[in-house]
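S.K.:
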Amino acid sequence: MTDHLYNLHGDVLAAMRRGPKAFAKLAFALSDADEPADTYVGHFRDRIVGAGPGDELTALWHRTLTTWDLAEQADWSTAPARTDARRSDVYDRLGFGADLRKALDEAVPVFKEPGATVISKEFTSWYSRDAAAARSFYWNAYEQMLRRKGWSDAAVASLDEAGHAVVERLSDPTRAEAYGARGLVVGYVQSGKTANFTGVTAKAMDAGYRLVIILGGTLNLLRGQTQRRLDMELIGRENILRGADPADTDALVGVDYQDDEEWPEKFVSHGGRPSTLGFFDIERLTTRESDYRGLQSGIRALEFEKQVRTQPLHDPANLHHAAARLMVVKKNKSRLEGLIKDLKKIGPILSEIPTLIIDDESDQASVNTTDPKKWEDGKVERKAINGLISQLLGLLPRAQYVGYTATPFANVFVDPGDEEDIFPRDFLISLPRPSGYMGVQDFHDLESEGTAEETHVRGIYEDTGDRLQEALDSFVLTGALKLYRADRGVPEGPFRHHTMLVHESVQQREHAALALRINSMWHRSAYTGQEGHGRLAALLDADFQKYAAEDLPVPTSYDDLKPYVSRSRQLINSGGEPVIIVNGATERDYDQPELDFDRTPHVWKILVGGTKLARGFTVEGLTVTYYRRTTQQADTMMQMGRWFGFRPGYRDLVRLFIGREEPMGKKKTVDLYEAFEAICRDEETFRAQLTRYAALVDGKPQVTPAQIPPLVSQHLSWLKPAARNKMFNAELVEIRSPGQWVEPTAYPTNAADLRHNAEVWRPVLDALEPSPVTLGCRADSYEALLGSLDHRALIGVLCDLKWSTPTAFSPHLESLVSAGETGSPIDDWLVIVPQQTAVRRVEASILGSRPLSLASRTRRRGDLFGAISEPKHRGVALRVAGAIDDSENPFVESLVRERRGVLVLYPVIEQEPRLTSDGAIDPGAVVIAFSLVAPASRNTGQQPLVRFRAIDSSRSDRAVIDRAEGGA
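In the numbering used here, the protein residues as written are 12 to 979.
1) Using 10 angstroms around the beta-carbon of D371, count the other beta-carbons present and answer buried if the total reaches 16, otherwise exposed.
2) Have a look at A144, I246, V264 and flag the residue whose alpha-carbon is nearest the alpha-carbon of R284.
3) In whole angstroms, what separates the C-alpha of P31 from that of T78?
4) Find out if the Cβ-Cβ distance for the pair F655, Y415 is shorter than 9 Å.
5) Rounding to the nearest angstrom, what Cα-Cα distance links V487 and K616 in this structure?
6) Express the C-alpha separation of K36 and D22 in angstroms, rounding to a whole number.
7) Should V850 go down as buried or exposed, given a rule of 16 or more other Cβ atoms within 10 Å for buried?
8) Using three-state DSSP, classify V264 as helix, strand or coil.
9) Can you tell me which of the three DSSP states M27 falls into?
10) Using the beta-carbon count (16 or more within 10 Å), is H281 buried or exposed?
11) If we ignore side chains and look at the alpha-carbon of each, how far apart do F657 and S202 end up?
12) Could you pull the start and end residues of the beta strand (DSSP E) that V279 belongs to?
13) Can you list, in chain order, the residues of its chain with a C-beta nearer than 8 Å to that of Q269? Leave out the 5 residues immediately preceding and following it.
14) Should Q238 be labelled buried (16 or more other beta-carbon atoms within 10 Å of its own) or exposed?
15) How about Y637: is its C-beta nearer than 9 Å to some C-beta of chain B?
16) Can you give me the Cβ contacts of L367 inside the same chain, cut-off strictly under 6 Å, excluding the 5 residues immediately before and after it?
17) Pull up the distance between the alpha-carbon of W162 and that of V614, whole angstroms please.
18) Here's the rule: buried if 16 or more other CB atoms are within 10 angstroms of the residue's CB, otherwise exposed. What is A537?
19) To the nearest angstrom, report how far apart T715 and I369 are at their CA atoms.
20) Whose CA, out of L76, D456, K813, lies closest to the CA of M27?
21) From what residue to what residue does the beta strand (DSSP E) around F941 run?
22) Could you give the distance in angstroms between the alpha-carbon of G447 and the alpha-carbon of Y149?
23) Taking 6 Å as the limit between beta carbons, can you name the residues of its chain near R766, skipping five residues before and five after?
24) Taking the alpha carbon of Y303 as the point to measure from, which residue in L241, R234, A931 has its own alpha carbon closest?
25) Could you spell out where the beta strand (DSSP E) holding S373 opens and where it closes?
26) Is DSSP giving Q238 helix, strand or coil here?
27) Taking L195 and S373 to be in contact with their CB atoms under 8 Å, please state how far apart those CB atoms are, rounded to whole angstroms.
28) According to DSSP, is L494 helix, strand or coil?
29) Count the other CB atoms, across all protein chains shown, that sit within 10 Å of the CB of K356; report buried if there are 16 or more and exposed otherwise.
30) With a threshold of 16 other CB atoms inside 10 Å of the CB of R868, please say whether the residue is buried or exposed.
31) Curious, which full-length alpha helix (DSSP H) runs of at least 4 residues does the stretch 811-840 contain?
32) G545: which of K573, E515, H534, R773 sits nearest, CA to CA?
33) Assign P91 to one of two classes, buried (16 or more other C-beta atoms within 10 Å of its C-beta) or exposed (fewer than that).
34) Compare the beta carbon distance of S799 and L841 with 9 Å and say whether it is the shorter of the two.
35) Thinking just about the alpha-carbon of each residue, which of R640, T629, N530 is nearest to the one in G586?
36) V907 and G893: beta carbons closer than 9 Å?
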């Protein structure tokens, strides 16, 4: 039966390509004369209210409203994207009344998750939404593919917006003057960066880019994975077949994917060869099996046919009729040298080809790490891959370079003054955390007493033993639980592969010994006998039933699961051994069928390895991780977070066994879980700063990509770039943080400096009120001593403090010092000193003060502390400073002043305190730490949040100039 209402709404919305318009007028104009009732809005509302799952009309409006909600550039609305105000603008333009608005809001809630953050130079607009819609053949095919894979409307719209943000900052492929943009896209570890750059490739090709070079990892295994994804989801059957008859077996000899289980059904189809449909073909210069080995058909592979021979290829008359070329090339010296050698033979047309180079894992191998001090006569010397990428960019003057990574620090420390290098001079885009992604927040309780650690993390301590048997048992048990769920209606696609990762060392000989040990343990585990079943039953009861997701099937007894345990064991033991070693220096070391997640039906194995499992390699079905490898490289550790990713149907089963007391050196032990958390906090701080500074002021950027390095160095003092040169020519002078919680962590370590700081704080401590009060903000409350001091007095204190890293706080101090000069003065500061109430609290007098609670904290990264404050203390401070609304506490409300800031003091000890007989403590053993919130009233939105100035050239080896020795 024809759904007339759906057809009419489809026609009406198709006519709203440029944004929402008066619905009733368009519906009347487009409706069939014999179906006038379809134009009545009341029928539409009734349909939405009564719609069941799968209703096509509701789905149509879900896609459309979500797209409008998320549109970052909407000339039809001044309201920000992802807000109720934006949705209200949509309804106003459509002319919808209150009843219909309510029905649609219930059916399609406003998607309010944050979008991509963009730090960018100003650029010339050429890729408007209209331009994108006018040429969108491959993007439309890719979008439809994602929807068939089950992507939500919000996920597709977010990908669309992020991809558009990249492409619009590339150079117009038809412009007369050549310009090569340089950009960086920052995602999360295992969060779908490939999907993003596939979307960017589709949009860029549609717009006119005719040569796309994907630098796809350092192993053919990884390169092949990337090639297959692009072939399957973007390039499509017809471009792979290139006219070959799919029914003619002789014609298919040598054609890719004939042995692939998912060919051709899962590969996108364009409904015919694109060039016969009025569009353009994509010619593949590499295949699933073959990396770049020379241009197919010689130089002719890049001989573009021109409709108008007297005009360059980039002229629109030629460009939009030419086929595109795509290659996925491994970051390998010989491969890139071969490509460059072939390109040099082609001649002048190279300068006419709009080219896009996408560098996957761009912080690996691509960055130049040579020491400038060793360069001869100041001439830049480059590492092999960096030099070859530089040559590629030089050969292709219309080449745009976009790097993708989850660990961006190496890229933003590249010299921006080196025109031939890959510094993201034009833009840096930070992608949002995707919906359904398991990341740091799912394994670490960062801000509160949560259940992430309790649910997913199993610490390995000296007194727990190595817990390897428990990890193996967890692997068998979670496999059984997946099979149990698949039998009860949970989609089994994500259960196709089931893996465990064991990562203890980078030494290959140790991998072999560890694999032998695991194999021996496996065969002694008695999974078919009473002892093994007893362990698994106890583990199910104590762990997996306790933390099971409420919306997924879980057996009530082990007897219900027992048949699935047998099947799980069989799958893991297929081939005779449960373990695969993943290491080696040559390609053949990785040419194992069990590692090909694309073509092997079921990979149920334990993977033992090191570095090669830590970057770019997606371990499908990863459920149990056993991690004990130590490293002092932050980005290396971050890339080892293979336990991050998408775990549909089994995220409650994910377990991380991680060393909490691992030896490093002869005497030191490290807590890998805490170390990982500290790095994740730094990553999140970096992303938060980008978000904060992305807002335009008077239509102009506050921060350009070239000014990002000083921001990073403020918060990541342990991250030292390999090369220091003129990229550090910007000094971060000021950070304005009105209404923001600011928490310095770079306190001195020597006793003399700590005593000096305590003396500086003495007048503030002496002025505290004698009796504690109870402070509360909504659900949080605590005891505290209060005081106050005027702004000038606080500045005097802060300017006299000593720091281990003075530059960590000086930009914030500059903002406070200049508060009066900027027209947003601060009157005074409320001082809060939280007090513990527990029976076992530790209190001491500092320089004659009344007894104060001492907080025990540790330095996690050199001289830097981790978190000092407690989350429950923040609400009151933010409320008094005007950063949040009502505290629901009358006493706290009485403390609020428009131009009042809040200072929270924490006397911190780092070891068991030694008190005198009268309860005093040596001030040299106490760190007087603090957090502060400047008045939110200073946030007028008219001033930049950061300010830079040129660095003193006589101290060019420093990222930021100290204000004064030992001072802030």
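All C-beta atoms, glycine included, are put in the ideal place defined by N, C-alpha and C.
In this text, all values refer to a predicted model and were calculated from it rather than measured experimentally.
M.R.: The structure says:
1) Looking at its Cβ environment, which holds 16 or more other Cβ atoms inside 10 Å, D371 is buried.
2) Residue I246 is the option with its Cα nearest to R284.
3) Take the alpha-carbon of P31 and the one of T78: they are about 11 Å apart.
4) Not closer than 9 Å, so no.
5) V487 and K616: Cα-Cα distance of roughly 10 Å.
6) About 13 Å.
7) Around the beta carbon of V850, fewer than 16 other beta carbons sit within 10 angstroms, so the residue counts as exposed.
8) In the structure shown, V264 sits in coil (DSSP, three-state: anything other than H, G, I, E or B).
9) Annotated three-state conformation of M27 is coil, per DSSP.
10) Of the other Cβ atoms in all chains shown, 16 or more fall within 10 Å of the Cβ of H281; this residue is therefore buried.
11) One C-alpha to the other measures close to 7 Å.
12) For V279, there is no enclosing beta strand (DSSP E), as DSSP gives it neither H nor E.
13) Counting only Cβ-Cβ distances below 8 Å, and skipping sequence neighbours, we find L263.
14) Buried: at least 16 other Cβ atoms inside 10 Å.
15) The structure shown has no chain B; it contains just one protein chain.
16) Exclusion of the five residues before and after L367 leaves A215, Y220, V223, Q411 as the residues of its chain whose Cβ lies within less than 6 Å of its Cβ.
17) One C-alpha to the other measures close to 24 Å.
18) Exposure of A537 is indicated by the presence of fewer than 16 other C-beta atoms within 10 angstroms of its C-beta.
19) Each residue's Cα considered, the two are about 21 Å apart.
20) Of all alpha-carbon atoms in L76, D456, K813, the one lying nearest the alpha-carbon of M27 is that of L76.
21) Residues 938-944.
22) For the pair G447 and Y149, the Cα-to-Cα distance works out to about 26 Å.
23) For R766, where only same-chain residues beyond five positions count, the Cβ hits under 6 Å are P934, G935.
24) Considering only alpha carbons, the answer is R234.
25) Where S373 is concerned, there is no enclosing beta strand (DSSP E), given that its DSSP letter is neither H nor E.
26) Here Q238 sits in helix by DSSP.
27) Their Cβ separation, rounded to whole angstroms, is 7 Å, which keeps L195 and S373 in contact under 8 Å.
28) Helix.
29) Classification of K356: exposed, given that the 10 Å Cβ count is below 16.
30) Under this definition R868 is a buried residue.
31) Assignment of alpha helix (DSSP H) within the stretch 811-840, counting only whole runs of 4 or more residues, yields 821-828 in chain order.
32) When each option's Cα is compared against that of G545, the closest is K573.
33) With fewer than 16 other Cβ atoms within 10 Å, it is exposed.
34) In contact: S799 and L841 (Cβ atoms closer than 9 Å).
35) Checking every option, the nearest Cα to that of G586 belongs to N530.
36) Yes; because the gap between Cβ atoms is below 9 Å, this pair is in contact.
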